[in-house]
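Residue numbers (the working numbering): 56 to 457. Using N, Cα and C, we set each Cβ at its ideal position, and we do this for glycine too.
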Amino acid sequence: MSGRADVIVVGGGVNGCSIAYRLAEAGRKVLLLEQRGIASGASGRNGGMTGSGAPHPTPEGMAGYRIRVANTELMRHLPEELGVDFDLRLEGSLNVASTPEMYAEIDHAVRALEAAGLESDVKLLDAYETRQLMPALSESICGAEWAPDRGHLWPFALVHGFADAARRLGAEIRTGVTVERLVVEGDRAVGVIANGERIEADDVVLATNAYTPRILPDLPAGAIVPARGQILVTQQLPPVIPYPFGNNFDKEYGRQTPSGQVLCGGYRRLDVDEGLGHYEERTSPPVLAGIARCLTTLFPSIAQVKVVRCWAGIMGFTADGVPLIGRYDAVPGLTLAAGFNGGGFSWGPIVGVIIARILTGQEPGFDLAPFNPTRFHGGNTTWNNPYTAGERSNATGSVPVA
Ligand SMILES: Cc1cc2nc3c(=O)[nH]c(=O)nc-3n(C[C@H](O)[C@H](O)[C@H](O)COP(=O)(O)OP(=O)(O)OC[C@H]3O[C@@H](n4cnc5c(N)ncnc54)[C@H](O)[C@@H]3O)c2cc1C
Numbered sequence: 056m057s058g059r060a061d062v063i064v065v066g067g068g069v070n071g072c073s074i075a076y077r078l079a080e081a082g083r084k085v086l087l088l089e090q091r092g093i094a095s096g097a098s099g100r101n102g103g104m105t106g107s108g109a110p111h112p113t114p115e116g117m118a119g120y121r122i123r124v125a126n127t128e129l130m131r132h133l134p135e136e137l138g139v140d141f142d143l144r145l146e147g148s149l150n151v152a153s154t155p156e157m158y159a160e161i162d163h164a165v166r167a168l169e170a171a172g173l174e175s176d177v178k179l180l181d182a183y184e185t186r187q188l189m190p191a192l193s194e195s196i197c198g199a200e201w202a203p204d205r206g207h208l209w210p211f212a213l214v215h216g217f218a219d220a221a222r223r224l225g226a227e228i229r230t231g232v233t234v235e236r237l238v239v240e241g242d243r244a245v246g247v248i249a250n251g252e253r254i255e256a257d258d259v260v261l262a263t264n265a266y267t268p269r270i271l272p273d274l275p276a277g278a279i280v281p282a283r284g285q286i287l288v289t290q291q292l293p294p295v296i297p298y299p300f301g302n303n304f305d306k307e308y309g310r311q312t313p314s315g316q317v318l319c320g321g322y323r324r325l326d327v328d329e330g331l332g333h334y335e336e337r338t339s340p341p342v343l344a345g346i347a348r349c350l351t352t353l354f355p356s357i358a359q360v361k362v363v364r365c366w367a368g369i370m371g372f373t374a375d376g377v378p379l380i381g382r383y384d385a386v387p388g389l390t391l392a393a394g395f396n397g398g399g400f401s402w403g404p405i406v407g408v409i410i411a412r413i414l415t416g417q418e419p420g421f422d423l424a425p426f427n428p429t430r431f432h433g434g435n436t437t438w439n440n441p442y443t444a445g446e447r448s449n450a451t452g453s454v455p456v457a
């Protein structure tokens, strides 16, 4: 393919690859452009946790929950559909409370769901019940929130699975190609300039997450902000952590992979500027020390294991904590799927279906109003992102860090 496509998808993460796959499946001539390699951004550097999360009694909370529930259901079929085993385990997760304050917050959250009449499988467990499920947890924990429909996966394998499936259906995927800018004629996007070459298309989709502001200068400043996260991984261990876990108001998270390695991340609040506004994929000792302390405090029996690797990745955080999904009305021909905060694997597979429906003239099947990509054009980019709020107000300050 050269010079022209039906749809150009920019970005080879979970969103770009799932969109390319679904559009190719719908018979579109797709060209995906990725500046580095497939899954080289956040999609290849994340914790691998997934699930629908809890509903929230707001329009955007409910709309997002419905999308994530559909995503979880779709995910169950993907190993067979894509012909790839990406180690999907949807057997439940524990958000562990290691202080009475955390337990009170979880208790409050679970009761609020009940009071709002929202159906949810999320349950509050006391310390005994929690340790029945995960005996390696410290005896000092206070309890946990148990969510039976959450779990984990191997993100790299899933993203490559989408990319390979897209290729099999005729999509062209070019890596090492940077989109420098959009080509806009009149007010309409008609293509991109990539590595100096002009490539035209009927539609351009930006699945560029944190990097979106760089090629969409029209996006109001502060709508999407890079947020650096860091992760460490231990040597392989016998099975010790049967379920993925969260801790410290869900700011820390971890899991044991099927190969036995334990992976843990979080503590962004110990990074420079809490990791916000930084594009360098750089780890830092205070963050890694915080993560290690969290892991060994929760699971004292693994205090002596070796850390074999660590890395950083850049997320796209949005001012309101809600992603941007859909046509970008300010520039006809342009569509966005960006700003997935800390949870893109609870959205990406179904986002491919949604964007393909939109670009083939079908109903998206979900209420997308809360995700309108031009919602910040009114000027309101006041930072109100719940995934950083606890850190900014240092709600977890009571946790000791070396
Ligand atoms: C440390 C960490 C832990 C996380 N933990 C979890 C977790 O446990 N569960 C979960 O669901 N999510 C987690 N996330 C978030 C998740 O990884 C993201 O939400 C998700 O990967 C976003 O996918 P994406 O395809 O939108 O973006 P990305 O994967 O970032 O892909 C965007 C791609 O666009 C490319 N690109 C950008 N600009 C251009 C350009 N101009 N030209 C060409 N290509 C371009 C980039 O190179 C990149 O590959 C975590 C993220 C990090 C960093």
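DSSP puts S148 in a beta bridge; with which residues? What you label residue 148 is simply residue 93 of the sequence shown in a count that begins at 1. Assignment of beta-bridge partners to S148 by DSSP yields A202.
Cβ-heavy atom distance between M370 and ligand 1 below 7 Å? Here residue 370 is taken as the residue at index 315 of the sequence shown, counted from 1. Yes, Cβ of M370 sits closer than 7 Å to a heavy atom of ligand 1.
For G420, tell me which candidate among E146, V406 and P268 has the shortest Cα-Cα distance. If you number the sequence shown from 1, residue 420 lands on position 365. Considering only alpha carbons, the answer is V406.
From E194 to S148, what does the alpha carbon distance come to, in whole angstroms? By one-based count along the sequence shown, residue 194 stands at place 139. By one-based count along the sequence shown, residue 148 stands at place 93. Pairing E194 with S148, the inter-Cα distance amounts to about 19 Å.
Where do the ends of the beta strand (DSSP E) carrying I369 lie? As a working note, residue 369 is residue 314 in the sequence shown. Here the beta strand (DSSP E) through I369 covers V362 to T373.
Please report the distance separating the alpha-carbon of P404 from that of V124. Position 349 of the sequence shown, counting from 1, holds the residue named residue 404. Position 69 of the sequence shown, counting from 1, holds the residue named residue 124. About 11 Å.
Using only the alpha-carbon positions, how far apart do V151 and V247 sit? Here residue 151 corresponds to residue number 96 of the sequence shown, with the count starting at 1. Here residue 247 corresponds to residue number 192 of the sequence shown, with the count starting at 1. Near 46 Å, if we compare the C-alpha coordinates of V247 and V151.
Consult DSSP for R222 and reduce its assignment to one of helix, strand or coil. Residue numbering aside, residue 222 sits at position 167 when the sequence shown is read from its first letter. Helix.
Expressed to the nearest angstrom, what Euclidean distance is found between the alpha-carbon atoms of D384 and E115? Position 329 of the sequence shown, counting from 1, holds the residue named residue 384. Position 60 of the sequence shown, counting from 1, holds the residue named residue 115. In a straight line, the C-alpha of D384 is about 19 Å away from that of E115.
Using 8 Å as the threshold, is the C-beta distance between R364 and I413 below it? In the sequence shown, the residue the question calls residue 364 occupies position 309. In the sequence shown, the residue the question calls residue 413 occupies position 358. Between R364 and I413, the C-beta gap is not smaller than 8 Å, which leaves the two residues out of contact.
Can you name the start and end residues of the alpha helix (DSSP H) that Y442 belongs to? If you number the sequence shown from 1, residue 442 lands on position 387. Per DSSP, Y442 is one residue of the alpha helix (DSSP H) stretching across P441 to R447.
Can you list, in chain order, the residues of its chain whose CB lies under 6 Å from that of L137, leaving out five sequence neighbours each side? Numbered from its first residue, the sequence shown carries residue 137 at position 82. So the qualifying residues of the chain are G216 and A220.
A256 classed as buried or exposed, judged by whether at least 16 other C-beta atoms fall within 10 angstroms: Within the sequence shown, residue 256 is the residue found at index 201, counting from 1. It counts as buried.
Leaving out five residues on either side along the sequence, give the residues of the same chain with a beta carbon under 6 Å from the beta carbon of C72. Taking the sequence shown and counting its residues from 1, the one referred to as residue 72 is at position 17. So the qualifying residues of the chain are V214, F217 and A218.
In chain order, what residues of the same chain have a beta carbon less than 6 Å from the beta carbon of E89, not counting five sequence neighbours either side? For the purposes of this step, residue 89 is taken as the residue at position 34 of the sequence shown. Correct list, in chain order: G67 and T230.
Between the Cα of L87 and the Cα atoms of A94, A75, G96 and A97, which residue gives the shortest distance? As a working note, residue 87 is residue 32 in the sequence shown. Taking only the C-alpha atoms, the option nearest L87 is A75.
Continuous beta strand (DSSP E) stretch holding C319: start and end: Here residue 319 corresponds to residue number 264 of the sequence shown, with the count starting at 1. That run of the beta strand (DSSP E) goes Q316 to G320.
Do A97 and A367 come within 8 Å of each other at the CB atom, strictly closer than that value? For the purposes of this step, residue 367 is taken as the residue at position 312 of the sequence shown. For the purposes of this step, residue 97 is taken as the residue at position 42 of the sequence shown. Result no, Cβ atoms of A367 and A97 do not sit closer than 8 Å.
Just mark H207 as buried or exposed, buried being the case when its beta carbon has 16 or more other beta carbons within 10 Å. Counting from 1 along the sequence shown, the entry for residue 207 is found at position 152. Buried, because 16 or more other Cβ atoms sit within 10 Å of the Cβ of H207.
Considering Cα atoms alone, identify which of D61, R430, E418 and R269 is closest to A226. Along the sequence shown, read from residue 1 onward, the residue named residue 226 stands at position 171. Minimum Cα distance to A226 is reached at D61.
Comparing alpha-carbon positions, which option in G394, P313 and T443 lies nearest R430? What you label residue 430 is simply residue 375 of the sequence shown in a count that begins at 1. It is G394 whose Cα lies nearest to the Cα of R430.
Beta-carbon spacing of N440, G376 below 8 Å: Stepping through the sequence shown from its first residue, residue 440 is reached at position 385. Stepping through the sequence shown from its first residue, residue 376 is reached at position 321. Cβ distance < 8 Å, so N440 and G376 count as in contact.
Taking the alpha-carbon of Q311 as reference, which of F426, A191 and G251 has the nearest alpha-carbon? In the sequence shown, residue 311 corresponds to position 256, counting from 1. When only C-alpha atoms are compared, the closest one is A191.
Of the residues L224, N126 and P203, which one's Cα is nearest the Cα of R77? Mapped onto the sequence shown, residue 77 falls at position 22. The residue with the shortest Cα to Cα distance from R77 is L224.
Quick check: does the Cβ of Y298 come within less than 7 Å of any heavy atom belonging to ligand 1? Position 243 of the sequence shown, counting from 1, holds the residue named residue 298. The answer is no for Y298.
Per DSSP, what kind of secondary structure is P281 in: helix, strand or coil? In the sequence shown, the residue the question calls residue 281 occupies position 226. Note: P281 maps to strand in three-state DSSP.
Given 7 Å as the limit, tell me if Y266 has its C-beta closer than that to any heavy atom belonging to ligand 1. Residue 266 sits at position 211 when you count from the first residue of the sequence shown. Yes, the beta carbon of Y266 sits closer than 7 Å to at least one heavy atom of ligand 1.
To which residues of the same chain is V408 closer than 6 Å at the C-beta, ignoring the five residues directly before and after it? Residue 408 sits at position 353 when you count from the first residue of the sequence shown. Result list for V408: R77, in chain order.
Could you tell me how far apart the beta carbons of G37 and T436 are, in whole angstroms, since I believe they sit closer than 8 Å? Nothing about residue 37 can be read from this structure; the chain reaches only from 56 to 457.
Could you give the uninterrupted runs of the beta strand (DSSP E) lying entirely in the region 390–443, keeping only those of 3 residues or more? Counting whole runs of 3 or more residues, the region 390–443 contains no beta strand (DSSP E) stretch at all.
Touch test, the region 298–315 against the region 101–112, Cβ-Cβ under 8 Å, three pairs minimum: Contact between the region 298–315 and the region 101–112 is present: three or more C-beta pairs spanning the two stretches fall below 8 Å.
Minimum C-alpha distance to V443 - residue among G434, V386, R324 and Y158: Working through the sequence shown from its first residue, we reach residue 443 at position 388. The sequence shown places Thr at residue 443, not Val. Minimum Cα-Cα distance from T443 among the listed residues G434, V386, R324 and Y158 corresponds to R324.
Taking DSSP as the reference, what is the three-state secondary structure of N302? On the sequence shown, position 247 is the one that residue 302 refers to. Reduced to three states, the DSSP call for N302 is strand.
Give me whichever residues DSSP pairs with W104 in a beta bridge. Along the sequence shown, one-based indexing puts residue 104 at 49. Per the sequence shown, the amino acid found at residue 104 is Met instead of Trp. H207, per the DSSP bridge assignment.
Please identify the residue among L145, G58, R83 and G172 whose C-alpha is closest to the C-alpha of T113. Along the sequence shown, read from residue 1 onward, the residue named residue 113 stands at position 58. Among L145, G58, R83 and G172, the Cα nearest to that of T113 belongs to G172.
Less than 7 Å between the CB of E98 and some heavy atom of ligand 1, yes or no? Here residue 98 is taken as the residue at index 43 of the sequence shown, counted from 1. Note that residue 98 is Ser in the sequence shown here, rather than Glu. Indeed, a heavy atom of ligand 1 lies less than 7 Å from the Cβ.
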